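A.B. asks:
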Amino acid sequence: MTISANAMITDPGQLYFSYVRPTDEVLQSLSSGEGLLGIVTFRNDFCREGSGTTLEGVLQISLSGRGDDLCEIWQTTQPVVAGKVDDITYRCSSDFLFGSIALPVADVPAGDHRGLSSPPLQSCAELAYKQIFSLLDRHGYPDLLRIWNFVPDINGVSHGLERYRQFNIGRQDAFLAHGRLPSKQNIPAASALGSVDGPLVVYFLAARHKSLAVENPRQTSAYHYPREYGPSSPTFSRAGWIDLGQQKILFISGTASIIGHQSRHGGNVAAQTRESMANIAAVIAETNRIAARSLYDLNDLSYKVYLRHITDLPIVRAELDLLVAPSAPVFYLQADICRADLLVEIEATAGILHGGMA
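For the sequence shown, this note's numbering begins at 134 and goes up steadily by one.
(1) Report yes or no: is there a C-beta of chain C within less than 8 Å of the C-beta of Asn288?
(2) Can you tell me the Cα-Cα spacing of Gln211 and Leu170, whole angstroms?
(3) What are the boundary residues of the alpha helix (DSSP H) that Leu277 is part of?
(4) Taking Cβ to Cβ, would you say Tyr152 is nearer than 8 Å to Leu203?
(5) Quick one: residues in its chain with C-beta nearer than 6 Å to the C-beta of Trp281, no 5 flanking neighbours on either side, listed in chain order?
(6) Can you tell me the Cβ-Cβ gap for Val284 and Arg298, rounded? I've got them flagged as a contact below 8 Å.
(7) Going by DSSP, which residues form a beta bridge with Gln352?
(8) If you count every other CB in all the chains shown that lies within 10 Å of the CB of Lys437, and 16 or more means buried, which is it?
(9) Under 8 Å between the Cβ atoms of Gln405 and Val477?
(10) When the Cα atoms are used, what is the spatial distance from Glu182 to Arg176?
(11) In this structure, how does DSSP classify Glu167 when only helix, strand and coil are distinguished?
(12) What are the boundary residues of the beta strand (DSSP E) that Phe231 is part of?
(13) Would you report the Cα separation of Asp376 and Ser366, rounded to the nearest angstrom?
(14) What does a CB cutoff of less than 7 Å around Arg83 pick up in its chain, not counting 5 residues either side in sequence?
(15) Applying the criterion that 16 or more other CB atoms from any shown protein chain within 10 Å of the CB defines a buried residue, is Leu453 buried or exposed?
(16) At a cut of 8 Å, does the region 382-396 reach the region 451-469 through at least three beta carbon pairs?
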């Protein structure tokens with residue numbers, strides 16, 4: 134089902150999102166939207182001076198390049214209230230909570246819960262996730278459905294360790310501190326990309342309803358990666374599936390050219406794109422198996438594609454044009470990927486009402 138970006142939503146308890154170009158008309162319609170959960174933009178001039186439109190709760194993320202001139206809008210059919218706790222800004226309805234946190238890495242003291250010295254980014258990740266879990270526990274949204282992480286200089290090395298690996302240590306420590314491990318059912322779908330110099334940014338969607346973690350038979354579960362990928366494994370599931378009755382939503386994590394736990398097709402962005410889509414197809418098949426019915430295929434998804442080099446866009450677009458229908462929304466962005474040898478990462482969502490490419 135496709136609806137326009139400013140359409141009225143009347144069915145109760147539905148989740149809705151869109152990738153739209155932020156024209157003044159769209160901004161004005163969003164500013165009066167009662168069901169607005171959040172807006173994410175990857176451009177710095179989203180609310181242009183002199184536009185006459187002021188929007189609260191806009192999350193701006195600085196990436197290394199432009200990509201598509203779109204923003205990401207999350208809405209619900211339920212009334213929404215806004216709040217702020219600690220460093221988190223959030224908006225919530227009776228069923229959903231959408232929040233974000235941006236922590237300047239340099240402002241977080243180095244150290245961990247054992248009183249030992251740790252890199253500032255590691256401490257920053259642990260603090261961000263602890264604040265998120267405390268918020269969700271306090272307000273009764275136990276299930277973290279989907280989370281997006283933007284790590285400054287993700288492939289860089291400091292304090293003798295790659296920064297993505299530092300992030301993974303802090304993230305896992307927070308999961309452990311809040312009793313969300315070792316049960317894999319408490320691990321959400323996630324993405325982790327590199328941002329330019331700036332804060333660690335995390336945004337997330339939580340619910341009162343329980344989701345089911347889905348793994349990919351072609352890949353080692355990320356939380357079981359061997360220690361060659363760092364002292365702590367990445368804490369995310371390959372996908373999360375939630376059955377809300379009228380809506381059956383699938384959140385597919387950032388997916389790359391990895392088989393087992395090893396990167397494949399180094400230096401070949403076309404082959405990496407095909408392998409990434411083969412992994413997404415495997416997650417879809419596993420979800421359909423769990424649901425005992427054919428709910429999804431590649432054409433049912435909305436995609437967000439991260440490119441290490443924006444010059445690879447024509448190659449990646451050509452590969453996706455062979456695999457998915459032209460009607461499938463695809464949002465392209467330039468960002469660094471969590472492994473230095475990966476050139477493309479693709480995330481996807483199905484089962485959510487989405488607007489057309491405005």
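Backbone N, C-alpha and C define an ideal beta-carbon position, used for all residues, glycine too. On a predicted model such as this, the values are computed, not experimentally measured, just so you know.
C.D. replies: If we stick to the structure as given:
(1) Going by chain labels, chain C is absent from the structure shown, which holds only one protein chain.
(2) Counting from one through the sequence shown, the residue named residue 211 turns up at place 78. Counting from one through the sequence shown, the residue named residue 170 turns up at place 37. In a straight line, the C-alpha of Gln211 is about 10 Å away from that of Leu170.
(3) Counting from 1 along the sequence shown, the entry for residue 277 is found at position 144. First-last for Leu277: 276-285, but that is the beta strand (DSSP E), not the alpha helix (DSSP H).
(4) One-based indexing of the sequence shown puts residue 152 at position 19. One-based indexing of the sequence shown puts residue 203 at position 70. Yes; because the gap between Cβ atoms is below 8 Å, this pair is in contact.
(5) By 1-based counting over the sequence shown, the position of residue 281 is 148. So the qualifying residues of the chain are Ser324, Tyr336.
(6) Taking the sequence shown and counting its residues from 1, the one referred to as residue 284 is at position 151. Taking the sequence shown and counting its residues from 1, the one referred to as residue 298 is at position 165. Wrong, their Cβ atoms sit about 11 Å apart, outside the cutoff.
(7) Position 219 of the sequence shown, counted from the start, is the residue given in the question as residue 352. Answer is Gly393.
(8) Here residue 437 is taken as the residue at index 304 of the sequence shown, counted from 1. That one is buried.
(9) As a first step, residue 405 must be located in the sequence shown, where it is residue number 272. As a first step, residue 477 must be located in the sequence shown, where it is residue number 344. Result yes, Cβ atoms of Gln405 and Val477 sit closer than 8 Å.
(10) Within the sequence shown, residue 182 is the residue found at index 49, counting from 1. Within the sequence shown, residue 176 is the residue found at index 43, counting from 1. In this predicted model, Glu182 has a pLDDT of only 45, less than 50, meaning its place in the structure is not dependable; the value taken from the coordinates is given anyway. Going by the C-alpha atoms only, they are around 14 Å apart.
(11) Position 34 of the sequence shown, counted from the first residue, corresponds to residue 167. Note: Glu167 maps to coil in three-state DSSP.
(12) Within the sequence shown, residue 231 is the residue found at index 98, counting from 1. Counting along the chain, the beta strand (DSSP E) containing Phe231 begins and ends at 229-236.
(13) Against the sequence shown, residue 376 aligns to sequence position 243. Against the sequence shown, residue 366 aligns to sequence position 233. Near 28 Å, if we compare the C-alpha coordinates of Ser366 and Asp376.
(14) No answer is possible for residue 83: it lies beyond the span of the chain, which begins at 134 and ends at 491.
(15) Here residue 453 refers to the residue found at position 320 of the sequence shown. Answer is buried; the Cβ neighbour count reaches 16.
(16) no
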